[in-house]
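First comes the structure, then the notes that go with it.
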Amino acid sequence: MAKRAIFLSGTLMVVSLALHLITGLRDFVIDIDTLQYEFDPNLTKSISMELVRIDGHNKINGSFSFVNDLHAVGIRNWATLNQNNGRQPLLYNISIDGCQFLENLRGKFNPIFGVVMQLLKKYVRELPAKCPLRKDQIYTIMEFYYNEDIFPPYIPDANFTAFLGISHNQTYAFSVFLTAHVKSKNSARVYLGKGKNQKRNKFQ
Numbered sequence: 033m034a035k036r037a038i039f040l041s042g043t044l045m046v047v048s049l050a051l052h053l054i055t056g057l058r059d060f061v062i063d064i065d066t067l068q069y070e071f072d073p074n075l076t077k078s079i080s081m082e083l084v085r086i087d088g089h090n091k092i093n094g095s096f097s098f099v100n101d102l103h104a105v106g107i108r109n110w111a112t113l114n115q116n117n118g119r120q121p122l123l124y125n126i127s128i129d130g131c132q133f134l135e136n137l138r139g140k141f142n143p144i145f146g147v148v149m150q151l152l153k154k155y156v157r158e159l160p161a162k163c164p165l166r167k168d169q170i171y172t173i174m175e176f177y178y179n180e181d182i183f184p185p186y187i188p189d190a191n192f193t194a195f196l197g198i199s200h201n202q203t204y205a206f207s208v209f210l211t212a213h214v215k216s217k218n219s220a221r222v223y224l225g226k227g228k229n230q231k232r233n234k235f236q
C-alpha cells in the first residue's frame with residue numbers, strides 16, 4: 033500500500049512537471065521578504081533602495097551613482113538555502129567581470145545566476161553597453177523582482193538568502209542582501225521573521 037502511494041505521488045509529480053513544461057505555466061510564487069544594503073562612500077556617491085508592494089510582489093525601487101568613472105567592475109552573486117535546522121547550504125557563488133557582462137560576453141554560468149543577470153539588465157535602467165560606468169550618471173532600479181516566468185518550470189518551496197555585490201579594484205562599491213521565498217500556489221505556508229528594510233554603511 034505504501035509503495036503504491038509513493039508510486040502515485042511520483043506519477044503525479046511527473047505529470048505535473050510535464051504539464052508545466054508544455055504550457056509554460058508556473059504554479060509557484062517567488063517573493064522578496066527583506067532588503068538590506070551597505071556601501072563604500074569612497075566609491076558610491078549616492079544610493080537608496082526600498083521594497084514596495086506592486087501587483088502582488090514585493091519589488092525593489094531605488095537608484096545609485098558613483099564617485100568616479102568605473103573602468104573595471106566586478107559582480108559577485110551568491111545564494112544560500114535557509115533550512116529549518118539553521119543550516120544554510122550554498123546554492124551557488126559566482127563572480128564575473130562586470131564589463132564582460134555589459135558586453136554580453138558572460139559565457140555559460142549557473143542557470144539561476146543567468147536569470148538574475150537578465151533581470152538586472154531589464155530592471156536597472158541606464159546601464160551602458162560597455163564600461164565605464166560614469167560618475168555623473170544616476171542608475172535607477174524600477175520594480176525589480178523575481179519574475180517566475182523566466183525561472184525553470186518547477187522549483188520546490190524554499191526560503192533563501194541572496195547577495196549581490198558591485199566592486200571596483202576588489203573593493204565593494206555597494207552590496208545588496210535580501211531574503212526571499214518560493215511558495216507553491218497550491219499549498220498554504222507561513223513565513224516567519226520578516227524584517228524591515230535596513231540601510232547600513234559599515235565603512236563609516
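Take 33 as the starting number for the sequence shown in the working numbering and just add one per residue. By construction, the Cβ of each residue, glycine as well, lies at the ideal position given by its N, Cα and C atoms. Bear in mind that the values here come from a model prediction, so they are computed numbers and not experimental data.
{"Asked": "Per-residue DSSP class, three states only, for Thr55", "Found": "Any reading at Thr55 must be qualified, since the residue scores a pLDDT of 37, below 50, and its modelled position is unreliable; the value itself is stated next. Helix, per DSSP."}
{"Asked": "Best match in Leu122, Gly197, Tyr186, Met81 for proximity to Ala111 [C-alpha to C-alpha]", "Found": "Leu122"}
{"Asked": "For Gln202, the three-state DSSP class (helix, strand or coil)", "Found": "coil"}
{"Asked": "Buried or exposed by the 16-neighbour rule on C-beta atoms within 10 Å, applied to Pro81", "Found": "Sequence inspection shows Met at residue 81; the Pro mentioned does not correspond to that position. So Met81 ends up on the buried side."}
{"Asked": "Enclosing alpha helix (DSSP H) for Leu134 [first to last residue]", "Found": "130-134"}
{"Asked": "Inter-stretch contact (C-beta, 8 angstroms, three-pair minimum) for the region 62-78 and the region 91-98", "Found": "yes"}
{"Asked": "Spatial distance of Ile54 from Phe183 (CA atoms)", "Found": "Annotation note: pLDDT 39 at Ile54 (below 50); position unreliable, coordinate value reported separately. When rounded, the distance between both Cα atoms is 15 angstroms."}
{"Asked": "Rounded C-alpha distance that separates Ala104 from Thr211", "Found": "29 angstroms"}
{"Asked": "Residue(s) in a DSSP beta bridge with Phe195", "Found": "Trp110, Phe209"}
{"Asked": "6 angstroms CB neighbourhood of Ile62 in its chain, flanking five on each side removed", "Found": "Tyr178, Glu180, Val214"}
{"Asked": "Exposure of Leu113, with buried meaning 16 or more beta-carbon neighbours within 10 Å", "Found": "exposed"}
{"Asked": "Local Cβ density within 10 Å of Asn218, reported as buried at 16 or more and exposed below that", "Found": "exposed"}
{"Asked": "Nearest-angstrom Cα separation, counted from Gly106 out to Cys131", "Found": "8 angstroms"}
{"Asked": "Phe145 beta carbon less than 8 angstroms from that of Ile173", "Found": "no"}
{"Asked": "Residue interval of the beta strand (DSSP E) (run including Gln68)", "Found": "60-71"}
{"Asked": "Outcome for Ala205 when other beta-carbon atoms lying within 10 angstroms are tallied against a minimum of 16", "Found": "buried"}
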